[in-house]
Amino acid sequence: MINEEEEYNNDNINTGEPSDDYAEIYSKTAIFWFTLFLSPIFGGIMLAINLKNAGIKRGIAPVLLFSVAYYILAAVAASTLLTALNLSPEQTMYAGAGLSLVTNLIGGMILTSYYFAKYFPDDDYYPRSIQGPLIVALLIFVLQSVLARYLGIAV
1 MINEEEEYNN DNINTGEPSD DYAEIYSKTA IFWFTLFLSP IFGGIMLAIN
51 LKNAGIKRGI APVLLFSVAY YILAAVAAST LLTALNLSPE QTMYAGAGLS
101 LVTNLIGGMI LTSYYFAKYF PDDDYYPRSI QGPLIVALLI FVLQSVLARY
151 LGIAV
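Here is the structure:
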């Protein structure tokens, strides 16, 4: 005989409503693309939010520490390489953009293939809307544009 709680959980599964067994988190794909086009720090924050929502607090610090350390090391390595190559300003701009994409690609692969897979090995979650991160990314872009145009600050 099925008790009320089991019936409630079965109803939730059949209707697609979230139950206590599933967390609503950003997908692996969303984290990868935000990391690629923004930065490993942005993707790391999204993954940390996932960990918080899933109640896996022990994973938050390692993910954020990796994201920040990787970002700093990649920036220092890219800067050192670009300086050593002694390129023209235009060449430096294009090479820097390419290096940024490559390092972000590697960072995104590490965040999703290692950290996401480590903490979320099964597909037992509901995908969370990326509307919030998109709005934050847009606000960052607008702020950078305003600072660059009106204050002459290159960020």
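Its first residue numbered 1, the sequence shown is counted upward by one per residue in UniProt numbering.
Note that beta-carbon positions come from the ideal geometry of N, C-alpha and C, so glycine has one too.
Please read all numbers here as calculations on a predicted model, not as lab measurements.
Which word fits residue i, buried or exposed, when buried means at least 16 other C-beta atoms lie within 10 angstroms of its C-beta?
| i | result |
| --- | --- |
| Ile153 | exposed |
| Phe42 | buried |
| Ser67 | buried |
| Leu81 | exposed |
Let me check understanding here. Comparing Cα to Cα, which of the options lies closest to residue i?
| i | options | result |
| --- | --- | --- |
| Phe120 | Ser145, Ile60 and Phe34 | Ile60 |
| Ala69 | Ser39, Gly96 and Ala97 | Ser39 |
| Tyr115 | Ile31, Tyr22 and Glu24 | Ile31 |
| Phe34 | Gly107, Tyr22 and Asp123 | Gly107 |
| Ser100 | Thr29, Leu36, Met109 and Leu64 | Leu36 |
| Lys64 | Gly44, Ala74 and Ile56 | Note on identity: in this sequence residue 64 is Leu, with Lys being the wrong assignment. Comparing Cα positions, the closest option is Gly44. |
Could you have a look at residue i and say whether DSSP puts it in helix, strand or coil?
| i | result |
| --- | --- |
| Pro89 | helix |
| Ile25 | strand |
| Pro133 | helix |
| Pro127 | strand |
| Phe116 | helix |
What residues in its chain sit with their C-beta under 6 Å from that of residue i, if we drop five residues either side in the sequence?
| i | result |
| --- | --- |
| Asn53 | Ala23 and Ile25 |
State the Cα-Cα distance for the pair residue i and residue j, rounded to the nearest angstrom.
| i | j | result |
| --- | --- | --- |
| Leu47 | Tyr94 | 30 Å |
| residue 156 | Lys28 | The displayed coordinates of the chain run from 1 to 155. Any statement about residue 156 would go beyond what the structure contains. |
| Ala77 | Pro89 | 18 Å |
| Ala117 | Tyr150 | 43 Å |
| Asn86 | Ser79 | 11 Å |
| Ile49 | Gly96 | 30 Å |
| Tyr126 | Ala84 | 47 Å |
| Leu111 | Ile130 | 17 Å |
| Asp122 | Thr92 | 43 Å |
| Pro62 | Asn104 | 18 Å |
I'd like the list of long-range same chain contacts for residue i, defined as Cβ closer than 8 Å, with 5 residues on each side in sequence excluded.
| i | result |
| --- | --- |
| Leu51 | Lys57, Gly59, Ile60, Val63 and Tyr119 |
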